[in-house]
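Numbering (my numbering), first residue to last: 1252 to 1676.
Here is the structure we will look at, set down as structure tokens.
Given below as structure tokens:
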């Protein structure tokens, strides 16, 4: 298992200016390889990084420190949170370290972060719900994907990007219940019958039937088989419709795919196409291509022709490419009480879960889960109270752990004042 990963964040944005503030803990700021700019930056401080060609300009609290090749913000301990305010993009928060460089006036921002912390952020970005097993399933498939694709961006100097090209990672995990589900999955990955990590694609909703991998991509994989998936019915993304003129619909196939739409048989097939079960093609045209070109939610649709208005109405099912796990199907299965490992075997044929944890890893995870459980219960009891940044679950977690460590060596003769129990970074 990896301990740390590097993730390019804001990878789909053009960022030339970044303002960094600090929600929790302290950081050290370095320029280039080892030039120390400041070793005690925390709450109330601000670091501004501006792109300048292939260099970055650094300012701390309004003081300009000069132009450098790279800038690094290094956390003083595990419980540190950065707040990133880029120009032309929404604010985000992350844990771990930050490495910033510039190329042709655009910043490259890389989060160097603990692997499991990254996974919790992915789970938060990729799936919705309340039940712990929903997060556990997503964490297992996201961990498996990450372990299998660790070198995906090696040529670029980092492991992953933060977009769907890899996995969405649009914030640190701010919900302790999501972290709890991620911890429950600790060490778990999905392997095939030979014990090799599998590819774990997922999508929002299958519409009632998943796709074979070769119907969407080139390779037929034994664990990515089309299956019936009634659990995806009745969810948010189960059905959709799209209306367009018949001229546009027919014209698309004529111009893009060179079909003779003047031929009555071709025309009739295009205007009355029906999919009681999934099909990969329409008159030889790959439906994945149609979906991408016309911006459809899925390839699982049938066509209704309105001759009065000369329109076609696409009646679609599901959302996404349809291969592998249906996220909304997973949510439904969890709510029906189906075990998380059964859900994974349902969507990934002839696969099984492998746990790589040692007894020490298990003990550490159990302790962490117990501490986070305390925080969740406290939140339930104080649901109406307004919280500040100091009430973030991560800071509270470390205060709990600090107190437990103090109790183990507690000596009433030496520590008899409440002030001795105050948490310090």
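Idealized CB from N, CA, C, for every residue including glycine.
* Asked: In this structure, does DSSP put residue 1264 in helix, strand or coil?
  -> coil
* Asked: If you check the beta carbons only, do residue 1613 and residue 1457 fall under 9 angstroms apart?
  -> no
* **CB contact flag (residue 1595, residue 1604, <9 angstroms)** => yes
* To do: Compute the Euclidean distance between the alpha carbons of residue 1507 and residue 1535, then round it to the nearest angstrom.
  => 13 angstroms
* Asked: Where do the ends of the alpha helix (DSSP H) carrying residue 1443 lie?
  -> Per DSSP, residue 1443 belongs to no alpha helix (DSSP H) and is neither H nor E.
* Leaving out five residues before and five after residue 1579 in sequence, what residues of the same chain have Cβ atoms less than 7 angstroms from its Cβ? -> 1455, 1456, 1483, 1486, 1487 and 1488
* Who does residue 1567 pair with in a DSSP beta bridge? -> 1491 and 1552
* Asked: Grouping DSSP H, G and I as helix and E and B as strand, with all else coil, what is residue 1271?
  -> strand
* To do: State the Cα-Cα distance for the pair residue 1527 and residue 1546, rounded to the nearest angstrom.
  => 22 angstroms
* **residue 1254 - DSSP class collapsed to helix/strand/coil** => coil
* Asked: Which residues in the same chain have their Cβ closer than 8 angstroms to the Cβ of residue 1621, if we skip the five residues on either side of it in sequence?
  -> none
* In terms of residue numbering, what span does the alpha helix (DSSP H) encompassing residue 1343 cover? -> Where residue 1343 is concerned, there is no enclosing alpha helix (DSSP H), although the beta strand (DSSP E) it sits in stretches over 1343-1346.
* On the three-state DSSP scale, how would you describe residue 1415? -> coil
* Taking residue 1240 as the reference, give the member of 1349, 1268 and 1424 with the closest Cα. => Within the shown structure, residues of the chain are numbered from 1252 to 1676, placing residue 1240 beyond reach of any answer.
* Work out the CA separation of residue 1479 and residue 1466 for me, nearest whole Å. => 16 angstroms
* Alpha carbon to alpha carbon, what distance is there between residue 1452 and residue 1366? -> 19 angstroms
* Thinking C-beta only, is residue 1600 closer than 9 angstroms to residue 1448? -> no
* **Reference residue 1375; option with closest CA among 1616, 1608, 1427 and 1356** => 1427
* Assigned secondary structure, residue 1627 (DSSP; H/G/I helix, E/B strand, else coil) -> helix
* **Simplified DSSP assignment, three categories, for residue 1198** => Lying outside 1252 to 1676, the shown extent of the chain, residue 1198 is not represented and no answer is given.
* Beta-bridge pairing of residue 1306 - partner residues as DSSP gives them -> 1303
* Where does residue 1655 land, buried or exposed, given buried means 16+ other C-beta within 10 angstroms? -> exposed
* **Cβ-based burial, residue 1444 [other Cβ within 10 Å; buried from 16]** => exposed
* **At least 3 beta-carbon pairs within less than 8 angstroms: the region 1258-1278 vs the region 1397-1417** => yes
* To do: Kindly give me the distance between the Cβ atoms of residue 1516 and residue 1501, rounded to whole angstroms, as I take these residues to be in contact under 8 angstroms.
  => Residue 1516 to residue 1501, Cβ: 13 angstroms. No contact.
* Asked: Taking Cβ positions, are residue 1309 and residue 1332 nearer each other than 9 angstroms?
  -> no
* **Short Cβ contact (9 angstroms threshold) for residue 1415 with residue 1389** => no
* To do: Could you give the DSSP three-state label for residue 1318: helix, strand or coil?
  => strand
* Asked: Taking the alpha carbon of residue 1279 as the point to measure from, which residue in 1264, 1296, 1266 and 1265 has its own alpha carbon closest?
  -> 1296
* To do: Scan the region 1469-1542 and note each continuous alpha helix (DSSP H) run of 4 residues or more that stays entirely inside, going in chain order.
  => 1497-1508 and 1515-1522
* Under 9 angstroms, do residue 1386 and residue 1335 count as touching if we go by C-beta distance? -> no
* To do: Verify whether the separation of the beta carbon atoms of residue 1274 and residue 1344 is less than 9 angstroms.
  => yes
* Please work out which residues of its chain come closer than 7 angstroms, Cβ to Cβ, to residue 1369, disregarding the five sequence neighbours upstream and downstream, and give them in chain order. => 1256, 1258 and 1420
* To do: Can you give me the start and stop residues for the alpha helix (DSSP H) that residue 1383 sits inside?
  => 1383-1399
* Asked: Rounded to a whole number of angstroms, what is the C-alpha to C-alpha distance between residue 1347 and residue 1303?
  -> 25 angstroms
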